[in-house]
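The next block holds one structure in the form of C-alpha cells; read it before the comments.
There are 2 protein chains.
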Amino acid sequence: MTRSAPVSDNEDIAAIDGARGVRGPGRRLHGAIAHKLGMAILSGQYQPGDTLSGEVAFAEELDVSRSAYREAIQVLTAKGLVESRPKAGTRVLPRTRWNLLDPDVLAWAFAGEPDIQFVRDLFELRAIVEPAAARLAAQRRNKDDIKVMKDALAAMRRHTLATDAGRAADRDFHNAILKATGNDALIVLTASIGAAVNWTTQYKQRARALPRNPIPDHVRVFDAIAAGDPQAASDAMSALVQLALEDTASAMAG
Amino acid sequence: MTRSAPVSDNEDIAAIDGARGVRGPGRRLHGAIAHKLGMAILSGQYQPGDTLSGEVAFAEELDVSRSAYREAIQVLTAKGLVESRPKAGTRVLPRTRWNLLDPDVLAWAFAGEPDIQFVRDLFELRAIVEPAAARLAAQRRNKDDIKVMKDALAAMRRHTLATDAGRAADRDFHNAILKATGNDALIVLTASIGAAVNWTTQYKQRARALPRNPIPDHVRVFDAIAAGDPQAASDAMSALVQLALEDTASAMAG
DNA sequence: CCTCCGATAATTACTCCGACATATTACAGG
DNA sequence: CCTGTAATATGTCGGAGTAATTATCGGAGG
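If you read the sequences in order, they're chains A and B. Sequence positions in the first sequence follow the numbering used here and run -7 to 246. Sequence positions in the second sequence follow the numbering used here and run -7 to 246.
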C-alpha cells in the first residue's frame, strides 16, 4: 500500500486526489481519469514530447486498475493528445495533432487559466464563421427559427447574462441561428466555439460587472435575420463578435 | 419482449471478416474495431437511437475480447458517436452530437459513399473559412511561408493531381497558407476539412479525367499572398473553392 | 376502477485482476 | 555498418465481482 516508489513526474497528478474524487454520478471512472490527464496536458503540465510513466506504474499511482487507465488513454488518443506504442510508451503529441475543436478538449483548455493567444485565435475564428452563419440564416430561416430566436431574446432580456438562465438563453439564441443555416458542419463547429467562448463570459463576470448591455447588439442581429437581409445580418453579427472580443480582452488584461 | 434470439442486426458487421482482417502493422485491434464500427455508424448502418447488442454478445460476434471491444467503444464515445449507460446499453447518439470535424470521423464518413448534402455543407464551410485564411495569410506571411508555398506550387506543376505526390503538394500548399495565418484553431479546422475535401478529389479522378487545370487558380492565390494583398487573396481563394465545388458537384452528379 | 408513487428485482455496463502475446527498441556480435 | 537477438512496455485475453439504472410490481390515494 505504501507507495514509496521514487516516481517524481506524476506524483503531483495523483496527489490532488485519488483520481476518483471528482467522480459524480453519470461520470465513469475512466472519464474522470481522462478529464484529469486531459487538463494536465492542456495546462502544460505535460508538454509535447514528454513520455508518461508506464501503464502499470501510472495506474497504480492513480490507484485505479490498468483497464480503466487504458480506456482513459484511448480517449486521449482519440482526441489526438497522446500516442502509445509498444516499448516506446505513451507520449504527448505535438500541439498540431491535437483536436483543439473537440468539445472536451476545449473544456479542458478552459478549465484552468486559458492561454490568451488561443482565446484570441478562437475569437478570430468566431469572427470569421459567425457572420457568415448569420448571412446564411438570413437567407434560409423559417418561421419556426424566428420564433425560437425571439423567445431566446426575450429570456435574455428577462434574466441577465449574470445568471445561468440568461447564459442558457444566449446559447439558445446562437444555436437557433446555426440551426437556421441548415449546415451540419457549421452547427457542430460553432457550437463548440460558442461553448468555449461562454467560458470566457464567466471570466468577464468575475473581473467586474458587465461593462455593456449586450441586448441591443443581439436585437440588431435578430432584426436583420428576421427581415431576411443577409448583408445586414452579417454586419450586425460581425459587430457583436467584435464587441465581445473587446470586452473579453479588457477583462483579461485587467 | 425480451430479445432472447441473437440480434441479427450486427450479424453482417462480423460477417465481413473477423474484424481483425484489416489490421495492418501500427494498427491496433481496438483501432480496427473502432474503424469498422465508426464506418458502420457513419454509413447509416446503425442509425441514431439504435442500441448495439451487449458487450459480451457483440465482442463475441467480432471474435475479440471485451477489453478490445470496450476500448473501441471508448474511442467512439470520445468522438460523440455513441453513449453507454448501465442497463440501457450502448446507443448511437443523434447526429448533432457527433464530432463531424474530427479527422477520424471525417475519414469514416468518406470511406463509403459520402452523403452528398454533407459534402455540400463541408464545401460551404470551406468557402467561408479558406478565403478568410488567405486574407490573414496575406497580412502575416513571412519569407519562409512564401518559400514553402512556392516549392509546393512547383511540385504541383511537376506532378499532377492525378498522382499521390501531386495531391501531397496540394495539401502542402494549403497547409502553408494555414500556417502563415498563425491561428491554431484555424489550422486544426481547415486541415480536417482539407483532408476530407481531398477524398472527393479522388472521386473527381474516378469519374473522368480532371476537367480543369487547377494550377492557374493556385498561382493567383499565391501571387496575392506573396504581394501582401488581403482582398485579392481572399477573392482568389474564393474563386478556387468555388471552382473546386463545381468540379466535384458535376463529378458526383454524373 | 384508474392513476400515481415507491420499493424491489433484473439487467447491463463498469471495474478489477492476472496472465500471455506481440511489437519495437536497444544492444551485442559479426 | 549491418544483422540477429534479447529485453521491455504496450497490446490482448478471459473471467469474476461491483455498481448503477431501468423496469416491474405492489400498494396507497384519487
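Yeah, the Cβ is synthetic: ideal placement off N, Cα and C, and Gly gets one too.
message: Tell me the rounded alpha-carbon separation between Met229 (chain B) and Leu178 (chain B).
response: 15 Å
- prompt: On the three-state DSSP scale, how would you describe Ser226 (chain B)?
  reply: helix
- request: Would you verify that the beta carbon of Trp211 (chain B) is, or is not, closer than 7 Å to some beta carbon of chain A?
  value: The question names Trp, but residue 211 (chain B) is Val in the sequence shown. Judged by the 7 Å Cβ criterion, Val211 (chain B) is not in contact with chain A.
message: So with CB distances below 8 Å, who are the chain A contacts of His22 (chain B)?
response: Gln66
- request: Hey, could you find the ends of the beta strand (DSSP E) Val84 (chain A) is sitting in?
  value: 81 to 84
message: For the alpha helix (DSSP H) containing Glu105 (chain A), name the first residue and the last one.
response: It is not in any alpha helix (DSSP H) - Glu105 (chain A) carries neither H nor E in the DSSP assignment.
Limits of the unbroken alpha helix (DSSP H) element including Ser76 (chain B): Where Ser76 (chain B) is concerned, there is no enclosing alpha helix (DSSP H), although the beta strand (DSSP E) it sits in stretches over 74 to 77.
For Gly72 (chain A) and Leu85 (chain A), believed in contact at Cβ under 8 Å, the rounded distance: 6 Å
- request: Return the Cβ separation of Ala172 (chain A) and Arg133 (chain A) in integer angstroms, given the expectation that the two are a contact with Cβ distance under 8 Å.
  value: 4 Å
- prompt: Is there at least one Cβ from chain A nearer than 7 Å to Val84 (chain B)'s Cβ?
  reply: no
field: Where the alpha helix (DSSP H) containing Ser59 (chain B) begins and where it ends
entry: 58 to 70
- request: May I have the straight-line CA-CA distance separating Leu237 (chain B) from Leu145 (chain B), to the nearest angstrom?
  value: 21 Å
query: Ends of the alpha helix (DSSP H) at Gly167 (chain A)?
result: Here residue 167 (chain A) is Asn; the residue named in the question, Gly, does not match the sequence. Element bounds for Asn167 (chain A): 156 to 173.
- prompt: Comparing alpha-carbon positions, which option in B:Asp136, B:Tyr61, B:Phe214 lies nearest Ala130 (chain B)?
  reply: B:Phe214
task: Sort out for me which residues DSSP pairs Thr192 (chain A) with in a bridge.
output: According to DSSP, which records beta bridges pairwise, Thr192 (chain A) is partnered with nothing at all.
message: Quick check on the DSSP output: the alpha helix (DSSP H) that includes Arg149 (chain A) runs from which residue to which?
response: 135 to 150
field: Cβ of Leu178 (chain A) within 7 Å of any chain B Cβ
entry: yes
query: If you measure beta-carbon to beta-carbon, which residues of the region 37 to 53 of chain B are closer than 7 Å to chain A?
result: none
field: Buried/exposed call for Lys28 (chain B), threshold 16 Cβ in 10 Å
entry: buried
message: Below 7 Å on C-beta distance, what does Ala101 (chain B) contact in chain A?
response: Chain A residues near Ala101 (chain B): none, gap ~11 Å exceeds 7 Å.
task: Could you confirm whether any beta carbon from chain A is found closer than 7 Å to the beta carbon of Ile108 (chain B)?
output: no
- request: To the nearest angstrom, report how far apart Val189 (chain B) and Leu114 (chain B) are at their CA atoms.
  value: 8 Å
- prompt: From Ala243 (chain A) to Phe102 (chain A), what distance separates their C-alpha atoms?
  reply: 15 Å
query: Would you call Ser57 (chain B) buried or exposed, if buried means 16 or more other Cβ atoms sit within 10 Å of its Cβ?
result: exposed
- prompt: Under a Cβ-count criterion, where at least 16 other Cβ atoms within 10 Å of its own Cβ denotes burial, should Gln194 (chain B) be classed as buried or exposed?
  reply: exposed
Members of the region 108 to 136 of chain B that neighbour chain A once the beta carbon cut-off is set at 7 Å: Phe110, Asp113, Leu114, Glu116, Leu117, Ile120, Val121, Ala124
- request: Report the option in B:Val180, B:Leu34, B:Ala219, B:Ala224 whose CA atom is closest to the CA atom of Lys135 (chain B).
  value: B:Ala219
- prompt: Would you say Leu232 (chain B) faces chain A, with C-beta separation under 7 Å as the test?
  reply: no
query: Quick one: what's Thr43 (chain B) bridged to in DSSP?
result: B:Arg83
query: Distance, Cα to Cα, Thr43 (chain A) vs Ile65 (chain A)?
result: 13 Å
query: Are the C-beta of Val140 (chain A) and some C-beta of chain B separated by less than 7 Å?
result: no
field: Cut-off 7 Å between Cβ atoms - residues of its own chain near Ser76 (chain B), not counting five sequence neighbours on either side
entry: Ile65, Thr69, Thr82
message: Between Ala228 (chain B) and chain A, is the shortest Cβ-Cβ distance under 7 Å, so that the two count as touching?
response: no
query: Taking just the CA atoms, how far does Glu52 (chain A) sit from Ser(-4) (chain A)?
result: The predicted position of Ser(-4) (chain A) is uncertain, since its pLDDT is 36 and thus under 50; a value taken from the coordinates is nonetheless stated next. Between Ser(-4) (chain A) and Glu52 (chain A), the C-alpha separation is close to 12 Å.
query: Since Asp94 (chain B) is in the alpha helix (DSSP H), which residue starts that stretch and which ends it?
result: Premise fails: Asp94 (chain B) is in no alpha helix (DSSP H) and is neither H nor E.
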